[in-house]
Amino acid sequence: MKQKITLLFVLIALLFSSCGSYKNIPYYQDLDRSVPTQEDISNYSPTIISNSDILGINVSSRTPEASAVFNYGANNTQSAINGYVVDDKGEVQVPLIGALKVAGLTTAQVQEKMNKLLLTFYKDPVTNVRILNFKIAIYGDVLKPDVYAIKDEKITITQALTMAGDLNITAMRKNIVLIREEGGKRNFIPVDLTSKKIFSSPYYYLKNNDQIYVQPDQTKYATVDRGYRTATLVLSGLSIIAIVLSNLFR
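FYI, the numbering for the sequence shown is 2 to 251, going by our numbering.
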């Protein structure tokens with residue numbers, strides 16, 4: 002009997018702690034969920050390589066020497082383990098080729114360019130290029146704020162936030178801030194996750210070194226905080242009552 006009374010009071014206290022507003026919490030509120038919908042994807046553009054980027058370059062061909070030279074950094078100051086740093090001229094120093102202009106190109110364009118140049122040395126070369134230092138910073142009202150290394154250059158803001166454990170219940174979903182540096186300027190871009198328009202936004206796909214700041218919603222934060230404080234007081238009072246009642250039923 003004593004255990005049942007104590008459990009009852011704990012459950013009541015938990016109900017007090019679940020205070021909060023549901024408004025503006027769901028994503029994509031203007032999406033018609035009653036029928037399947039379809040949209041064209043036209044807002045993705047491949048990442049452009051910039052100065053100071055670090056490239057991972059892997060070459061394979063019918064000539065075994067290709068792997069030894071490129072993939073293990075033999076006789077080179079830049080090994081494939083550390084990557085090839087794009088210098089101030091927008092170039093990387095590549096074995097056999099020498100200085101190779103890569104800034105302003107996509108990884109696919111660099112691959113095509115290298116394949117043509119390597120035909121002089123190897124038969125049917127196949128080059129794979131990726132940006133090794135592609136990273137996104139996510140902080141604010143999320144579960145796991147951190148700087149995340151991105152292996153796939155094609156990443157969306159929703160995927161990035163999922164990596165960070167998603168938004169907390171108190172997060173402001175209508176005014177997330179995307180911080181992007183381009184052309185010597187720092188841009189602060191508001192993003193609204195409560196609308197499906199985010200999918201067609203030019204900022205849906207992220208770029209290297211993007212930052213995502215999630216601000217706590219003041220109203221929801223105050224409501225939840227008030228709920229926790231109320232629950233703490235109620236739980237303390239109920240605990241005293243439970244002790245008294247347990248003594249009575251002894």
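Ideal placement from N, C-alpha and C gives every residue a C-beta, glycine not left out.
- V178 carries a strand assignment under DSSP once its states are collapsed to helix, strand and coil.
- In the displayed model, I158 falls within a helix according to three-state DSSP.
- In the displayed model, K117 falls within a helix according to three-state DSSP.
- When only Cα atoms are considered, D89 and I151 end up about 24 Å apart.
- Boundaries of the beta strand (DSSP E) harbouring A138: K136 to G141, taken from the DSSP string.
- Considering only V178, D218 and V215, the residue with the shortest C-alpha distance to Y204 is V178.
- With distances taken between CA atoms, D167 lies nearest to G141 out of G141, N188 and D153.
- Boundaries for Y45: no beta strand (DSSP E) harbours it, and the DSSP string shows neither H nor E there.
- Within a 10 Å sphere around the beta-carbon of V192 sit 16 or more other beta-carbons, which makes this residue buried.
- Relative to A165, the option among I137, S46, S61 and Y206 whose CA is nearest is I137.
- For L133, the closest C-alpha among the options Y149, V143 and Y123 is that of Y149.
- Between the segment 28-44 and the segment 111-125, the count of Cβ pairs shorter than 8 Å is below three; the stretches do not touch.
- The three-state secondary structure of V192, taken from DSSP, is strand.
- By the 16-neighbour rule on beta-carbons within 10 angstroms, D41 is exposed.
- Going by DSSP, Y149 is part of the beta strand (DSSP E) stretching over D147 to A150.
- Residue burial is scored here from C-beta neighbours: N209 has at least 16 other C-beta atoms within 10 angstroms and is therefore classed as buried.
- The beta carbon of K175 sits closer than 7 Å to the beta carbons of N25, D193 and T195 from its chain, once the five residues preceding and following it are set aside; these are given in chain order.
- Taking C-beta atoms as the reference points, G91 and G105 count as a pair closer than 8 Å.
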